[in-house]
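Engineer: One structure, pasted below without further comment.
Numbering (this note's numbering), first residue to last: 15 to 321.
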């Protein structure tokens, strides 16, 4: 695809939103509980695993002659003597440390920790997100569990975490041949025309800005260099595919766009609505996620010489 020299104009005003996917929070809690159980089991079982190592011995009388060679490998012992040509091998079956650890982890232990984490959330207005009381109580809980059940040296390291909120619902206006249309923003992706990518920055434009349709999914520097006019200071439009959303945003930032629009590809029935996407904590540009219908309409208009 190539962009027209007379591309359409869009974007009058938008601000930032960080959408949250509930299943991600559930999976995070499960992994967290399993990790705590694993750390406790590893600590308690390490000495047992070490002591369970069995040193094999030669069942025959070792004094029948001088030993000329002895090879010991894990649980297998091979001894060759100078008085006989026969080799005696003794093998002792022993479970691997990984299987011992796996069998030591019980679903009851994991569920107990999950119940504790849910109790923390319930007492903190249903929330354990960062910058909340529930988050801090979760950290204290993990620290105390490990402190009481292991002999690890536990340290706490503090670091800044980027957080974003939406001041008000964003507005997206599109002007094609002087016909202005406003599109629907919603966190309910089934009804939305667009939403805001996680870690997007804010933008407040007082006038319309030209949009440039980036060819070949915008995953390579040549895609950004092969537009007919420079993308610097314009709004870039790219389709989902091949590379990650973070990589698309990084390239857009490198070429100094005003904002980035990423639209769904319509390849399957579940790929028509806007996407709940993240462009990474290091992102430095505004990024919107568009439905396939809106993205395709903008791409077609951008390539129409009549516009």
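For each residue, glycine too, the CB sits at the ideal point set by N, CA and C.
Helix, strand or coil for residue 280 per DSSP?
Structural biologist: It is coil, neither helix nor strand.
Engineer: Count the other CB atoms within 10 Å of the CB of residue 256; is the residue buried (16 or more) or exposed (fewer)?
Structural biologist: Residue 256 comes out exposed.
Engineer: Can you round the beta-carbon distance between residue 206 and residue 288 to whole angstroms, since I take them to be within the 8 Å contact cut?
Structural biologist: Yes, residue 206 and residue 288 are in contact; Cβ-Cβ is about 5 Å, under 8 Å.
Engineer: Nearest-angstrom Cα distance between residue 267 and residue 145?
Structural biologist: Residue 267 and residue 145: Cα-Cα distance of roughly 28 Å.
Engineer: Over the uninterrupted beta strand (DSSP E) stretch that includes residue 197, give me the two end residues.
Structural biologist: That run of the beta strand (DSSP E) goes 193–197.
Engineer: What are the boundary residues of the alpha helix (DSSP H) that residue 127 is part of?
Structural biologist: It spans 121–137 - the alpha helix (DSSP H) in which residue 127 sits, taken as one unbroken run.
Engineer: By Cβ distance, which residues of its chain are closer than 7 Å to residue 175, with the 5 residues on each side in sequence left out?
Structural biologist: The answer, listed in chain order, is 144.
Engineer: Return the Cβ separation of residue 271 and residue 245 in integer angstroms, given the expectation that the two are a contact with Cβ distance under 8 Å.
Structural biologist: Contact flag correct, Cβ pair sits at about 5 Å.
Engineer: Alpha helix (DSSP H) containing residue 159: first to last residue?
Structural biologist: 147–163 is the span of the alpha helix (DSSP H), which, as asked, contains residue 159.
Engineer: Assign residue 212 to one of two classes, buried (16 or more other C-beta atoms within 10 Å of its C-beta) or exposed (fewer than that).
Structural biologist: Buried, by the Cβ-count rule.
Engineer: Measure the alpha-carbon distance for residue 219 versus residue 249 and round it to whole angstroms.
Structural biologist: Taking the straight line joining both Cα atoms gives about 11 Å.
Engineer: The alpha helix (DSSP H) spanning residue 250 covers which residue range?
Structural biologist: Element bounds for residue 250: not the alpha helix (DSSP H) but the beta strand (DSSP E), 249–253.
Engineer: Going along the chain, which unbroken runs of the beta strand (DSSP E) with 3 or more residues stay wholly within the region 169–223?
Structural biologist: Within the region 169–223, the complete beta strand (DSSP E) runs of at least 3 residues are 186–190, 193–197, 208–210.
Engineer: Please classify residue 262 as buried or exposed, where buried requires at least 16 neighbouring CB atoms within 10 angstroms.
Structural biologist: The residue in question, residue 262, is buried, as its Cβ has 16 or more Cβ neighbours within 10 Å.
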